[in-house]
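Q: This is the structure, below, for whatever I ask next.
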Amino acid sequence: AAAEKGGFDHFMLKEIHEQPDSLANAIRGRLDHDIGSSVLAGMGTSPRELAELSRVVLVGCGTSLHAGLVGEYAFEDLADVHAEVEQAAEFRYRNPLLGSRDFVVAISQSGETADTLAAVREAKQKGAFVMSLCNVVGSTIARETGRGVYLHAGPEISVASTKAFTSQVAVLLMMALKLGRGRRLSRDEGIRFARDIESIPTLVSRVVAQSERISRIAEGYAQNEHAFFIGRGPMYPVALEGALKLKEISYIHAEGYHAAELKHGPIALLQEGTPVIGLALDIPGKDKTLGNIEECRARGARILGIITEGDDEAAEFMDDYIMVPKTHPLVSTVPAVVALQLFAYHVARIRGCEIDQPRNLAKSVTVE
Ligand code: G6P
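End of the sequence shown sits at 359 in my numbering; the numbers just go up one at a time, nothing left out.
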């Protein structure tokens, strides 16, 4: 078993470390730097279909749902297309209004999640344009959608998803780029964004290299029973995903919140030493998030900041911080989430948790 884990103590840590490679596999051959676009043949869309699209609906569960939330920002930002995210379980029972100009993207690592599969069937029956974003080749969702883009992340063993999530985000960014180039994005903007996507594996290596430092930081957070993760813009879904990772494997009660929503509830729970993990990268909205972090600090919270390399001003606000490389705000979701994966992993390890197979959780939920 030790050999299977490639010398790592857990599959989760191995899979976190694999991300520079799994991301390179997701991206390889899929960017066209001359025209500043992406080549995703599996999408099966004609340029006309792309131009006529009226809406993108992203469906999934769990971590895959969080990837969809990053996608929502990307589609609206880069492609000026109305995008929404829906929990697969809710979508199927809500009588969703769908037509042939609606583009439904089912996101599922395993391709077997019951609710996501049901959402696919519902969308197909209503005549929407349906595609999938799966990791497992030949899985039910991949087969039933017929079109889609595989993640090529390799087998993911750890129940808590890591490398599948980052590849889902990378592929969604490439999809948004492609849609964007068919709509409002200029060639120059496309070229720049394609370069940023291309750099993701390198950015992620720089975070993975900080594992030991993050492990030392985790020592200071492993004794708490509650934690709050806050962010805004594309860092909001990263906050949700960071909280999910921590609760899944460390059993700490963790909540992801929009930084602005803090005042509408969770701030009442802050006490001396309550951990708040603040995503305060140097992207639009940073000053507002720093303001929210200051409010938490004033109530005694202990702050771990995820900030941009070299941002000494933001570091001043934090008790501890992890720095991630500067890049496009949407692209920076990937290195930021890797920092939180490592944080969750080390906290759980210090607490002596199972990690690869947390209690009550399954790798794939094939019943409703
Ligand atoms: C389970 C797993 C999660 C995963 C979710 C969706 O809850 O424990 O890690 O994100 O299912 O799975 P899928 O295979 O559809 O991405």
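The beta-carbon is built from N, C-alpha and C at its ideal position, and this holds for glycine as well.
(1) So what does DSSP say about Ala151, is it helix, strand or coil?
(2) Would you report the Cα separation of Glu359 and Ala80, rounded to the nearest angstrom?
(3) Determine the extent of the beta strand (DSSP E) in which Ala218 is found, giving its start and end residues.
(4) Under the three-state reduction of DSSP, which class applies to Val50: helix, strand or coil?
(5) Distance, Cα to Cα, Thr54 vs Glu286?
(6) Which residue wins for smallest C-alpha separation from Gly360, given the options Phe156, Ala70, Val95, Glu263?
(7) Buried or exposed: which applies to Ile26, given that a residue is buried once 16 or more other Cβ atoms fall within 10 Å of its Cβ?
(8) Any idea what DSSP makes of Asp396, helix, strand or coil?
(9) Tell me, which residues are paired with Val140 by DSSP?
(10) From what residue to what residue does the beta strand (DSSP E) around Ala245 run?
(11) If you count every other CB in all the chains shown that lies within 10 Å of the CB of Thr104, and 16 or more means buried, which is it?
(12) Between Leu231 and the rest of its own chain, which residues show a CB-CB distance below 6 Å, the 5 nearest in sequence each way excluded?
(13) Do Leu31 and Leu164 count as a contact pair if the criterion is CB distance below 8 Å?
(14) Specify, as a first and last residue, the run of the beta strand (DSSP E) that Ser37 falls within.
(15) In its own chain, which residues sit with a C-beta less than 6 Å from the C-beta of Phe120, not counting the 5 before and 5 after it?
(16) Measuring from the CB of Gly33, is there a heavy atom of the ligand G6P at a distance below 7 Å?
(17) From this set, Leu60, Met309, Gly173, which residue's C-alpha is nearest Pro228's C-alpha?
(18) Between the Cα of Ser355 and those of Val162, Gly224, Asn283, Ala155, spot the shortest distance and give me the residue it belongs to.
(19) Cα-Cα, which of Lys277, Lys279, Arg288 is closest to Val267?
(20) From what residue to what residue does the alpha helix (DSSP H) around Val96 run?
A: Reading off the structure:
(1) coil
(2) 8 Å
(3) 217 to 222
(4) strand
(5) 29 Å
(6) For the chain, the structure presents residues -8 to 359; residue 360 sits outside this window and is missing.
(7) Counting other Cβ atoms within 10 Å of its Cβ, Ile26 stays below 16 and is therefore classed as exposed.
(8) The chain is shown from -8 up to 359; residue 396 falls before or after that span and cannot be answered.
(9) Under the DSSP definition of a beta bridge, Val140 partners with Leu124.
(10) 244 to 249
(11) buried
(12) His57, Gly247
(13) no
(14) Segment: none, Ser37 is in no beta strand (DSSP E) and carries neither H nor E.
(15) Phe94
(16) no
(17) Leu60
(18) Ala155
(19) Arg288
(20) Careful: Val96 lies outside any alpha helix (DSSP H), inside the beta strand (DSSP E) at 93 to 99.
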